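**Q** Residue 789 in our numbering is what sits at position 138 of the sequence shown, and the numbering runs on without skipping anything.
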Amino acid sequence: MTDRAAARDLFRGVTALAPMAMGGNLPYRRFCKQYGADTTCCEMLLAHKLVKASRLEIALMRRHPEEGPFGIQIAGSKPELMAEAARIAADAGADYLDLNFGCPIDLMVRKGIGAAALQRPARLAAMVAAARAAVDLPLLVKLRLGWSEQKVNAPELARLAEAEGADALVVHGRTREQRYRRDADWDAIAETARAVAIPVLGNGDILTVWDRDRRLAQAPVAGVVVARGALIKPWVFRELKEGRPWYPTVAERWAVMARYVALAKEHFGDDEKGLARVERFTLWHLGFWHRYRPFTQADVLAQETSPIQRRVDWPGDDPEELLLASEQELDHRRIWSRLLDGDHPGA
Ligand SMILES: Cc1cc2nc3c(=O)[nH]c(=O)nc-3n(C[C@H](O)[C@H](O)[C@H](O)COP(=O)(O)O)c2cc1C
652 MTDRAAARDL FRGVTALAPM AMGGNLPYRR FCKQYGADTT CCEMLLAHKL
702 VKASRLEIAL MRRHPEEGPF GIQIAGSKPE LMAEAARIAA DAGADYLDLN
752 FGCPIDLMVR KGIGAAALQR PARLAAMVAA ARAAVDLPLL VKLRLGWSEQ
802 KVNAPELARL AEAEGADALV VHGRTREQRY RRDADWDAIA ETARAVAIPV
852 LGNGDILTVW DRDRRLAQAP VAGVVVARGA LIKPWVFREL KEGRPWYPTV
902 AERWAVMARY VALAKEHFGD DEKGLARVER FTLWHLGFWH RYRPFTQADV
952 LAQETSPIQR RVDWPGDDPE ELLLASEQEL DHRRIWSRLL DGDHPGA
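(1) Nearest-angstrom Cα distance between V822 and L867?
(2) Residues in its own chain within less than 8 angstroms of E842 by CB, not counting five upstream and five downstream?
(3) Where V665 and V877 are concerned, what is the direct C-alpha to C-alpha distance, given to the nearest angstrom?
(4) Where does the unbroken alpha helix (DSSP H) through H936 begin, and where does it stop?
(5) Count the other CB atoms, across all protein chains shown, that sit within 10 Å of the CB of Y911; report buried if there are 16 or more and exposed otherwise.
(6) Terminal residues of the continuous alpha helix (DSSP H) containing Q685?
(7) Can you tell me which of R738, G874, R774, A736 puts its alpha carbon nearest to the alpha carbon of F752?
(8) On the DSSP bridge assignment, give the partners of N751 in chain order.
(9) Would you check if the distance between the CB atom of I849 and the CB atom of R681 is smaller than 9 angstroms?
(10) Using a Cβ-based criterion (distance less than 8 angstroms to any ligand heavy atom), does A669 qualify as near ligand 2?
(11) Can you list the alpha helix (DSSP H) stretches of 4 or more residues lying completely in the segment 819 to 852, in chain order?
(12) Counting C-beta neighbours from all protein chains within 10 Å, is the total for S728 16 or more, i.e. buried, or is it exposed?
(13) For A784, which residues of its own chain have a beta-carbon under 7 angstroms away from its beta-carbon, when the five flanking residues on both sides are left out?
(14) Within 8 angstroms: the Cβ of M673 and any heavy atom of ligand 1?
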């Protein structure tokens with residue numbers, strides 16, 4: 652029997668890599684772990700597919716030996732399926748189980764999955780209870796603030812989840828209807844954290860040390876969860892651990908990308924089929940990497956909200972830096988070919 656106090660302690664003081672479809676691929680998680688992410692988690696797996704042993708969902712539960720504590724995240728609409736999926740996740744070797752009640756995608760919420768449960772507190776409570784009864788694993792429950800600004804109910808949902816046996820919560824500080832349009836509301840995260848005794852991890856808009864420090868001062872959270880910040884700059888975890896920024900040179904940024912490509916080749920293989928997957932993921936990641944900007948403390952603190960929510964031009968006119976900051980797909984393809992050929996600074 653897991654000691655519940657120990658299960659809760661697992662989440663205290665952590666800087667976690669968020670579960671992310673595509674972005675949370677195994678080599679990228681390993682990459683973030685190497686930079687100092689305390690925990691990593693696979694992307695959302697659908698309970699009904701796991702129960703049918705879908706090959707994709709089974710593959711997505713794989714972890715790298717360097718990862719840990721490692722979570723498996725499941726989403727569903729029926730308590731009995733969540734229980735069965737929880738057992739499968741435990742058998743697959745998860746260190747903790749993560750229940751997703753935040754996914755905003757229409758296709759999912761129409762089926763009662765993800766954020767749909769925010770509107771049905773009794774159903775959400777039943778799913779938490781079913782997963783709790785099925786496995787002994789530390790249980791993390793992920794919430795958004797509520798369905799809409801008119802229906803913010805995270806404190807109520809947090810209390811229900813705690814009563815049904817959740818060991819910790821993640822609160823993404825936006826509603827389902829807001830998606831990413833609004834800045835994360837850390838006052839609302841704070842209110843939710845105050846509503847329960849279990850650890851609450853805050854999630855939303857952390858890109859720099861100063862974002863994190865400002866939010867920790869604002870909300871009594873036990874730790875933070877980083878998603879897009881980690882996609883834009885995987886070294887954010889090192890910055891958060893060391894408490895100071897790192898401004899990589901152009902050569903260092905190429906080296907960071909080349910390192911991901913190496914990890915991805917190791918995982919997917921470097922035969923024709925493997926390389927096609929490495930290319931697909933690298934191009935996808937360039938869609939975030941190009942958004943890196945060397946923000947200073949003054950840039951961040953000049954506004955109430957994080958620069959992650961703003962589009963900012965690259966400062967300066969160095970052609971290599973402009974290439975890395977380009978949002979054009981053609982430029983991303985150029986970068987990919989140069990990575991493949993080792994034709995870049997620092998190679
Ligand atoms: C590409 C991408 C995929 C995501 N996939 C998932 C997912 O599978 N499960 C989940 O709980 N959240 C998912 N999220 C949401 C993040 O975990 C996080 O809650 C959200 O992005 C807010 O954090 P941020 O402001 O640090 O980005 C995803 C986010 C992104 C950007």
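Glycine included, every Cβ here is placed at the ideal spot set by N, Cα and C.
It should be emphasised that the depicted structure is a prediction, and the values quoted were computed from it without experimental measurement.
**A** In short, the structure shows the following:
(1) 14 angstroms
(2) A805, P806
(3) 11 angstroms
(4) Unbroken alpha helix (DSSP H) run through H936: 923 to 940.
(5) buried
(6) It spans 677 to 686 - the alpha helix (DSSP H) in which Q685 sits, taken as one unbroken run.
(7) R774
(8) K793
(9) no
(10) Looking at this structure, you won't find ligand 2 anywhere; what it does contain is ligand 1.
(11) 837 to 845
(12) A residue is called buried once 16 or more other Cβ atoms fall within 10 Å of its Cβ, and S728 is buried on that count.
(13) A734
(14) yes
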